[in-house]
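Colleague: Protein chains in written order, with this note's numbering: chain A, 43 to 823; chain B, 458 to 941.
A single structure is presented below for examination.
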């Protein structure tokens with residue numbers, strides 16, 4: 043097919059690397075009389091179009107200066123980054139994942155350049171770009187707000203991004219997908235630095251390409267502060283440190299690559315620190331404080347320690363006897379001894395089984411689940427009681443085969459049926475990696491691709507299941523065959539690969555899940571030990587060294603990397619001994635610091651310069667109220683006296699509105715965040731006046747009843763209350779307030795004074811009510 | 458049960474764009490905020506915008522916008538109520554005749570004479586459609602926007618009520634002791650807070666507010682001795698509460714104190730008691746709503762909204778519905794036409810009274826009233842033997858007419874909210890089987906409600922348990938005719 047070239051013709055053509063754009067500019071007063079589009083040629087299966095325009099012009103069309111060859115704009119490396127930076131391919135806008143507003147779909151954050159080329163250039167009947175008059179392209183008219191655009195102004199006509207897009211369109215919308223040098227790395231300059239609070243600085247982003255070239259992409263990269271209360275960053279990469287000391291990271295993203303700018307914000311000059319160093323935890327935590335110039339609060343007193351550690355290890359308040367004997371004990375190592383005693387107690391197993399069964403979704407969806415709920419709970423609890431090695435625990439769970447009765451961890455496969463869900467849960471819970479995003483697209487903040495996702499899924503591809511004669515029960519087995527999973531995007535069948543690491547070939551008879559377990563517990567595994575120690579650190583110190591605790595990624599660095607690494611090493615060296623890990627954390631001075639801040643560490647929120655108090659979890663709080671009031675909560679179909687921390691599954695939340703309202707999880711998520719620890723109106727209403735709380739206070743034989751009738755001096759009775767609630771004696775002022783209150787007379791409904799016995803009962807109920815509602819009771823501090 | 462596999466039309470409402478060309482999505486300029494949930498200042502700005510848009514009359518809008526949702530659990534037959542098809546054959550149209558309404562050209566079935574007389578005061582949307590045929594999935598589509606068509610025991614996404622509660626609670630505890638989100642016999646079975654947590658569930662009032670013994674436990678305690686004791690206890694607590702507070706940088710303790718004081722007010726303040734106390738109403742007003750559970754529920758809804766509740770839901774269920782206590786009029790459950798007739802009077806009276814009252818009391822800008830169920834019912838009548846005798850149901854074994862689930866087309870009613878009223882929007886085909894114009898999806902339904910509440914549904918994300926920013930409405934736009 044020939045093309046009749048005329049002088050007054052603008053010819054949009056595919057530009058080649060060699061040639062420049064041959065374009066003709068039209069005189070301002072030109073009028074278009076007619077336009078015809080013809081196929082010029084077929085190149086590599088693609089149509090190349092030419093436009094023929096008939097023009098009437100008062101002047102002459104001026105030819106563009108062909109000798110001046112403008113830089114060729116790269117679709118992949120110039121155009122797409124502009125679209126990403128302008129937010130065009132964000133989830134709410136034109137990302138395909140979000141279904142693309144008004145039919146214009148781009149791959150999420152530009153992760154699929156070749157798809158995007160088609161979306162941009164070919165779809166919509168090619169109407170989005172208009173090489174004949176680039177400024178008239180729908181893309182540019184919408185983005186610059188010249189046409190009504192739901193997304194508003196994204197690129198002003200005088201911006202460099204606009205100019206680049208226009209030039210690319212003018213150059214013929216070339217697709218350099220295969221020839222464009224691939225982006226291999228992103229670097230930030232500087233990668234790490236120390237900045238004073240209030241200080242500002244520019245971060246530079248540098249892209250490195252496969253051809254060895256480097257390019258400053260500071261204006262095209264995207265920036266996000268990991269903790270917006272510590273550092274702010276604007277879209278040009280200009281960062282400002284705020285007034286909270288510690289380490290903060292700013293994530294820099296560019297075309298699927300990520301890099302991190304680490305800033306350390308010291309509070310002041312080098313700090314004076316004279317805390318006893320109990321173990322490596324203190325060495326490293328204190329080194330960090332020294333570096334940041336933050337002084338730690340002193341070590342807490344015995345009463346606070348005993349209450350804290352008993353709540354954290356055994357999920358309960360210390361008993362009166364425990365408190366008394368601890369106070370009386372003069373052994374300088376008595377704190378370590380208490381930790382050991384608690385770790386040996388059955389409540390330790392109860393409490394941590396409660397934690398793990400929630401994360402492992404031990405959920406009652408149907409009454410018939412009860413067998414597997416109980417069996418699974420017992421399996422977890424027995425393992426903790428016997429201090430089963432953590433890697434063994436995970437291996438038994440991961441590779442569980444058989445029936446629930448014969449092998450209780452099978453219950454996990456009974457509940458988590460979808461192989462994708464299995465891999466996601468395993469990755470998040472045991473590796474601390476949230477892979478969900480990578481099911482449908484490249485992880486936006488990480489290196490994980492869809493291949494990595496389906497490579498993990500392949501480990502679970504041979505899980506067979508068949509019904510047994512028992513209703514609701516399934517037999518889980520290894521289905522003989524070569525494991526593999528198909529990447530839904532590429533259609534490629536992938537062999538098992540553990541977080542992108544290939545594993546040796548797995549024979550058809552071998553259960554791939556065991557190979558995954560093998561990979562996990564190798565000492566050099568970068569995820570397995572880290573995820574667990576970080577999770578346990580958070581259990582004891584409220585804030586994970588990486589936060590959220592199950593979102594471990596290069597772009598979310600720990601606040602104290604040395605400490606995290608040392609904890610990992612310790613855990614691996616101890617052969618994954620959970621009790622040993624707890625021992626080393628709980629016996630450190632760092633764990634034992636007072637929660638009362640010093641003026642010099644008030645601003646600290648992440649360096650453990652003091653203990654960060656946290657509200658008691660729902661189960662612990664309910665048990666604590668029972669202990670203090672001398673009442674008991676009964677749960678259906680469980681032995682009388684079963685405590686809330688020992689409940690095997692979520693079904694008891696329905697029987698206890700208290701547990702529900704105070705946020706006991708329904709065991710639906712692998713994330714600890716399902717447990718709600720924040721306060722609410724419903725909680726206040728409940729704890730202040732709900733029927734179950736009222737009946738606990740008034741229960742016959744309960745503490746109020748008993749103390750009101752007691753012959754002991756009132757001071758002794760108040761002491762008992764304080765010891766039961768806070769494991770300490772009342773201070774003089776508190777004693778006076780309580781004594782005064784207890785001596786007040788009370789009136790009955792007819793405004794006549796109550797008899798002293800009835801008044802005493804009421805007053806003790808009120809006092810217990812008041813203690814329950816204090817922060818000192820509600821919080822572990 | 459009818460599935461919806463034949464649904465193929467566009468699920469977007471057509472019509473003018475609800476938003477102007479600027480302002481929307483400017484949040485993206487905050488760098489990566491496309492992946493973050495809406496920040497507090499952003500929300501406050503949206504709220505201000507909402508207040509301004511509700512302020513067409515020129516008065517300052519001090520109070521926040523609010524929504525009353527009247528829920529018809531089980532699904533109401535659209536053909537027998539708001540979208541009659543008198544020209545359809547007898548196996549479709551049913552026994553009810555049609556009546557003219559105050560709006561020329563708009564007809565209702567004879568079951569709704571009172572609403573017909575005030576039709577200038579509301580708008581009927583006749584082209585509602587979702588894609589789930591079961592009660593759980595249908596409710597989850599309508600209330601939480603979950604596109605899943607399969608039934609599941611619990612919602613994956615939070616419903617619009619808890620989302621609103623969550624978003625509006627970000628600015629800290631309320632000064633008004635009445636809970637932001639209150640339900641009077643509310644829908645709770647197939648909806649809830651999902652990953653937002655139970656703290657955002659409604660404060661729930663159960664029972665029949667028409668019953669002489671009705672009272673709300675724990676609210677506005679009238680026993681002065683009990684009130685005195687609560688005050689005493691709280692004072693004692695304050696005197697003994699000695700925990701060092703300096704650590705409280707995140708405001709946890711402060712929040713706890715504020716919730717405690719809100720709870721105390723809720724429990725002891727005569728004002729909160731009054732908000733729930735229908736005896737404070739003129740007896741004629743109570744009569745106007747109907748002296749039955751539904752009438753008094755809607756009256757209480759209006760009282761609470763006036764007193765500062767911002768999200769109020771109430772289900773029209775129970776004995777007034779017929780044998781099975783809801784609108785699920787399969788032949789096996791109850792005789793569909795007897796059941797509709799059985800409940801029509803109470804329904805018509807209560808809904809028309811609420812709409813008129815909202816208008817008369819000047820709440821019609823601030824308060825949006827939505828009346829809907831999870832779906833409509835099959836236009837074609839089916840006959841099956843009854844499974845039991847009762848109100849509106851013949852003895853077991855007697856063949857009686859019924860209508861099954863129909864998510865493909867149904868109607869709902871909109872009033873207040875500053876919207877243009879006195880019209881119907883959308884239309885279904887000659888048998889009421891599918892919408893033929895202005896098809897509106899569950900997402901559109903939700904986006905419309907959010908719009909009134911000042912929540913830009915297209916750009917508001919909340920992180921789920923995995924930290925994934927999840928849009929509060931996945932695909933949906935405010936229905937242009939139903940927003941101010």
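Built from N, CA and C at the ideal position, the CB exists for glycine as well.
Distance check for residue 133 of chain A and residue 932 of chain B, CA to CA, integer angstroms please.
Modeller: By 1-based counting over the second chain, the position of residue 932 of chain B is 475. By 1-based counting over the first chain, the position of residue 133 of chain A is 91. Approximately 12 Å between the Cα atoms of the pair.
Colleague: From A:276, A:298, A:147 and A:176, pick the residue whose C-alpha is nearest to that of residue 29 of chain A; which is it?
Modeller: With chain A represented from 43 up to 823, any question about residue 29 of chain A goes unanswered, as that position is not in the structure.
Colleague: Is the Cβ-Cβ distance between residue 476 of chain A and residue 403 of chain A less than 8 Å?
Modeller: Indexing the first chain from 1 puts residue 476 of chain A at position 434. Indexing the first chain from 1 puts residue 403 of chain A at position 361. For residue 476 of chain A and residue 403 of chain A, no; Cβs fall outside 8 Å.
Colleague: In its own chain, which residues sit with a C-beta less than 6 Å from the C-beta of residue 306 of chain A, not counting the 5 before and 5 after it?
Modeller: Within the first chain, numbered from 1, the residue matching residue 306 of chain A stands at position 264. The answer, listed in chain order, is 236 and 289.
Colleague: Which bits of chain B does residue 476 of chain A rub up against, with CB to CB less than 7 Å?
Modeller: Numbered from 1 along the first chain, position 434 holds the residue referred to as residue 476 of chain A. Neighbours of residue 476 of chain A on chain B, chain order: 923 and 924.
Colleague: Counting only beta-carbon atoms, is residue 556 of chain A nearer than 8 Å to chain B?
Modeller: The sequence position of residue 556 of chain A within the first chain is 514, counting from 1. No, no contact with chain B.
Colleague: Between which residues of its own chain and residue 709 of chain A is the CB-CB distance below 6 Å, once the five residues before and five after are set aside?
Modeller: The residue labelled residue 709 of chain A in the question sits at position 667 within the first chain. Hits under 6 Å: 400, 403, 404, 405 and 692.
Colleague: Can you tell me the Cα-Cα spacing of residue 875 of chain B and residue 557 of chain B, whole angstroms?
Modeller: Sequence index remark: in the second chain, residue 875 of chain B carries index 418 (1-based). Sequence index remark: in the second chain, residue 557 of chain B carries index 100 (1-based). Rounded to the nearest angstrom, the two C-alpha atoms are 25 Å apart.
Colleague: Closer than 8 Å, Cβ to any Cβ of chain B: which residues of the segment 484-504 of chain A, in chain order?
Modeller: Listed in sequence order: 486.
Colleague: With DSSP as the reference, label residue 490 of chain A as helix, strand or coil.
Modeller: Taking the first chain and counting its residues from 1, the one referred to as residue 490 of chain A is at position 448. The answer is coil: DSSP assigns residue 490 of chain A none of H, G, I, E or B.
Colleague: Can you tell me whether residue 915 of chain B is buried or exposed? The criterion is at least 16 other CB atoms within 10 Å of its CB, across all chains shown.
Modeller: For the purposes of this step, residue 915 of chain B is taken as residue 458 along the second chain, with counting starting at 1. By the 10 Å Cβ count, residue 915 of chain B comes out buried.
Colleague: For residue 155 of chain A, count neighbouring C-beta atoms within 10 Å of its own C-beta (all shown protein chains included) and say buried if the count is 16 or more, exposed if not.
Modeller: Position 113 of the first chain holds residue 155 of chain A. Classification of residue 155 of chain A: buried, given that the 10 Å Cβ count is 16 or more.
Colleague: Would a C-beta distance cut-off of 8 Å place residue 498 of chain A and residue 525 of chain A closer than the cut-off?
Modeller: Working through the first chain from its first residue, we reach residue 498 of chain A at position 456. Working through the first chain from its first residue, we reach residue 525 of chain A at position 483. Their beta carbons are not under 8 Å apart, which means residue 498 of chain A does not touch residue 525 of chain A by this criterion.
Colleague: Looking at residue 720 of chain A and residue 717 of chain B, is the spacing between their C-beta atoms short of 8 Å?
Modeller: The residue given as residue 717 of chain B occupies position 260 in the second chain. The residue given as residue 720 of chain A occupies position 678 in the first chain. No, these two residues do not count as a Cβ contact at 8 Å.
Colleague: According to DSSP, is residue 528 of chain A helix, strand or coil?
Modeller: Taking the first residue of the first chain as 1, we reach residue 528 of chain A at position 486. If DSSP states are grouped into helix, strand and coil, residue 528 of chain A belongs with the strands.
Colleague: Per DSSP, which residues does residue 566 of chain B bridge with? Please list them.
Modeller: Within the second chain, the letter at position 109 stands for residue 566 of chain B. Bridge partners of residue 566 of chain B: B:555.
Colleague: Quick one: which chain B residues come within Cβ less than 9 Å of residue 776 of chain A?
Modeller: Position 734 of the first chain holds residue 776 of chain A. In chain order: 696, 697 and 699.
Colleague: Count the CB pairs spanning the segment 323-339 of chain A and the segment 180-193 of chain A that are closer than 8 Å, and state whether there are at least three.
Modeller: Contact between the segment 323-339 of chain A and the segment 180-193 of chain A is absent, because fewer than three Cβ pairs lie under 8 Å.
Colleague: Could you check the C-alpha separation between residue 812 of chain A and residue 762 of chain A for me, to the nearest Å?
Modeller: Counting from 1 along the first chain, the entry for residue 812 of chain A is found at position 770. Counting from 1 along the first chain, the entry for residue 762 of chain A is found at position 720. Each residue's Cα considered, the two are about 15 Å apart.
Colleague: Residues of chain E with a CB under 9 Å from the CB of residue 642 of chain B: which are they?
Modeller: In the structure shown, chain E cannot be found, because the protein chains are A and B.
Colleague: List, in order along the chain, the chain A residues whose C-beta lies closer than 8 Å to that of residue 675 of chain B?
Modeller: Counting from one through the second chain, the residue named residue 675 of chain B turns up at place 218. Ordered by position in chain A, the residues that pass the 8 Å Cβ test against residue 675 of chain B are 727, 731 and 732.
Colleague: Which residues mark the beginning and the end of the alpha helix (DSSP H) in which residue 770 of chain B is found?
Modeller: One-based indexing of the second chain puts residue 770 of chain B at position 313. Element bounds for residue 770 of chain B: not the alpha helix (DSSP H) but the beta strand (DSSP E), 768-772.
Colleague: Can you give me the Cβ contacts of residue 600 of chain A inside the same chain, cut-off strictly under 6 Å, excluding the 5 residues immediately before and after it?
Modeller: Position 558 of the first chain, counted from the first residue, corresponds to residue 600 of chain A. Excluding positions up to five away in sequence, the list reads 587, 588 and 606.
Colleague: Does any residue of chain B bring its CB to less than 8 Å from the CB of residue 545 of chain A?
Modeller: Counting from one through the first chain, the residue named residue 545 of chain A turns up at place 503. No, residue 545 of chain A does not count as interfacial toward chain B.
Colleague: Do you know offhand how far residue 768 of chain B's Cα is from residue 909 of chain B's?
Modeller: Taking the second chain and counting its residues from 1, one reaches residue 768 of chain B at position 311. Taking the second chain and counting its residues from 1, one reaches residue 909 of chain B at position 452. Taking the straight line from one Cα to the other gives about 11 Å.
Colleague: I'd like to know whether the C-beta atoms of residue 748 of chain B and residue 667 of chain B end up nearer to each other than 8 Å.
Modeller: If you number the second chain from 1, residue 748 of chain B lands on position 291. If you number the second chain from 1, residue 667 of chain B lands on position 210. In this structure, residue 667 of chain B lies closer than 8 Å to residue 748 of chain B by Cβ.
Colleague: Tell me the start and end of each unbroken alpha helix (DSSP H) in the segment 307-364 of chain A that is at least 4 residues and wholly inside, in chain order.
Modeller: List check, alpha helix (DSSP H) in window: 322-334 and 344-356.
Colleague: In this structure, what does DSSP give as the bridge partners for residue 506 of chain A?
Modeller: In the first chain, counting from the first residue as 1, residue 506 of chain A sits at position 464. Answer is A:519, bridged to residue 506 of chain A.
Colleague: Which ranges would you report for the alpha helix (DSSP H) in the segment 703-770 of chain A if only whole runs of at least 4 residues count?
Modeller: Taking only runs of at least 4 residues, the alpha helix (DSSP H) segments lying wholly in the segment 703-770 of chain A are 723-731, 733-740, 745-751 and 756-768.
Colleague: Contact between the segment 855-866 of chain B and the segment 788-801 of chain B: three or more CB pairs below 8 Å?
Modeller: Yes: at least three Cβ pairs fall under 8 Å.
Colleague: For residue 163 of chain A, count neighbouring Cβ atoms within 10 angstroms of its own Cβ and tell me buried if that reaches 16, exposed if not.
Modeller: Here residue 163 of chain A is taken as the residue at index 121 of the first chain, counted from 1. Buried is the call here.
Colleague: Could you check if residue 864 of chain B is buried or exposed, using at least 16 other CB atoms within 10 Å of its CB as the buried criterion?
Modeller: Numbered from its first residue, the second chain carries residue 864 of chain B at position 407. Counting Cβ neighbours within 10 Å, residue 864 of chain B comes out buried, since at least 16 surround it.
Colleague: Residues in its own chain within less than 8 Å of residue 513 of chain B by CB, not counting five upstream and five downstream?
Modeller: Along the second chain, one-based indexing puts residue 513 of chain B at 56. Only weak support exists for where residue 513 of chain B lies, its pLDDT of 37 falling under 50; the coordinates are left without a value.
Colleague: How many angstroms separate the CA atom of residue 812 of chain B from the CA atom of residue 904 of chain B?
Modeller: For the purposes of this step, residue 812 of chain B is taken as the residue at position 355 of the second chain. For the purposes of this step, residue 904 of chain B is taken as the residue at position 447 of the second chain. About 22 Å.
Colleague: Does any CB atom of chain A fall closer than 8 Å to the CB of residue 724 of chain B?
Modeller: Residue numbering aside, residue 724 of chain B sits at position 267 when the second chain is read from its first letter. Yes, residue 724 of chain B counts as interfacial toward chain A.
Colleague: Between residue 969 of chain B and residue 715 of chain A, which are expected to be in contact by the criterion C-beta below 8 Å, what is the C-beta distance as a whole number of angstroms?
Modeller: Since the displayed chain B opens at 458 and closes at 941, residue 969 of chain B lies outside it and no answer follows.
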